[in-house]
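*Asks:*
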Amino acid sequence: QKEVEQDPGPLSVPEGAIVSLNCTYSNSAFQYFMWYRQYSRKGPELLMYTYSSGNKEDGRFTAQVDKSSKYISLFIRDSQPSDSATYLCAMNNNFNKFYFGSGTKLNVKP
Amino acid sequence: GAGVSQTPSNKVTEKGKYVELRCDPISGHTALYWYRQSLGQGPEFLIYFQGTGAADDSGLPNDRFFAVRPEGSVSTLKIQRTERGDSAVYLCASSLGTNNEQFFGPGTRLTVL
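As you go down the protein sequences, you meet chains Z and W in turn.
All the letters of the first sequence, read from the start, carry residue numbers 11 to 120 under the numbering used here.
All the letters of the second sequence, read from the start, carry residue numbers 500 to 612 under the numbering used here.
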């Protein structure tokens with residue numbers, strides 16, 4: 011079993027839709043949870059970072075962590091074609107070794 | 500300012516050859532990470548440096564892989580006797596410290612024929 015599971019998609023939505031991306035994990039020691047966005051042939055860029063359980067909002071993006079269910083989510087409101095990319099979740103219990111999901115490919119259609 | 504840079508951007512080699520991949524981190528960043536990303540997968544941790552020393556090399560798949568960071572800045576990932584299964588994008592990231600955001604480079608796409 012992988013440490014982090016993520017639906018690979020692809021997920022296709024119309025412009026303006028609310029997008030929900032999710033990951034599950036198995037290691038209850040994970041405390042730091044991140045979402046990265048990766049455009050084709052580029053390195054990942056950090057979108058959201060959350061410590062422990064709870065919600066965090068930044069503009070159109072909201073990250074949620076439910077440690078009791080070992081489940082994290084990223085919501086994108088008013089999605090734009092420029093949001094089309096692969097979204098990666100990542101997590102760890104210290105800052106040495108990150109565990110990434112396999113990524114969900116999102117396509118926002120104009 | 501300049502981000503993380505990696506050279507070469509693409510490397511094609513033959514099975515059994517030796518390759519070196521270079522990472523130039525953001526100036527002042529003490530932590531440096533190497534990851535490997537296969538097609539359709541997320542980045543897989545290889546090794547982490549704090550300064551000049553490898554603080555965690557538990558992700559290196561076998562002894563054909565080795566990385567150095569002799570002066571605490573530039574790092575080189577070295578792969579001996581390359582195999583076709585080594586083909587992937589090798590990503591480098593750096594951060595100010597171990598509790599800061601990681602900034603990724605664009606990666607080196609390695610193809611082993």
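Built from N, CA and C at the ideal position, the CB exists for glycine as well.
Mind listing the chain W neighbours of L98/Z? Cutoff is C-beta to C-beta under 7 Å, in chain order.
*Replies:* G541
*Asks:* Just to confirm, are F43/Z and V23/Z a CB contact at a threshold of 8 Å?
*Replies:* Taking the C-beta atoms as reference points, V23/Z is found no nearer than 8 Å to F43/Z.
*Asks:* Does the beta-carbon distance from A587/W to Q549/W come in below 8 Å?
*Replies:* no
*Asks:* Check the Cβ-Cβ distances between A587/W and every residue of chain Z, and say whether any is below 8 Å.
*Replies:* no
*Asks:* So for G552/W, helix, strand or coil by DSSP?
*Replies:* strand
*Asks:* At the 8 Å Cβ level, is L56/Z part of the contact set with chain W, yes or no?
*Replies:* yes
*Asks:* So what's R521/W in DSSP terms, helix, strand or just coil?
*Replies:* It is a strand residue.
*Asks:* With a Cβ-Cβ cutoff of 8 Å, do L612/W and E513/W count as a contact?
*Replies:* Yes.
*Asks:* Once the 5 residues before and after Y517/W are set aside, which same chain residues still bring their CB inside 8 Å of it?
*Replies:* K577, I578, Q579, R580 and T581
*Asks:* What is the DSSP secondary structure of G584/W, counted as helix, strand or coil?
*Replies:* Assignment of G584/W by DSSP, reduced to helix, strand and coil, places it in the helix class.
*Asks:* For S92/Z, which of N106/Z, A73/Z, V118/Z and G111/Z has the nearest alpha-carbon?
*Replies:* Put simply, of N106/Z, A73/Z, V118/Z and G111/Z the residue whose alpha carbon is nearest the alpha carbon of S92/Z is V118/Z.
*Asks:* Closest to P20/Z by C-alpha separation, out of N102/Z, F108/Z, Y97/Z and K107/Z, would be which residue?
*Replies:* Cα-wise, what sits closest to P20/Z is Y97/Z.
*Asks:* Would the beta-carbon of A100/Z fall within 8 Å of that of F110/Z?
*Replies:* yes
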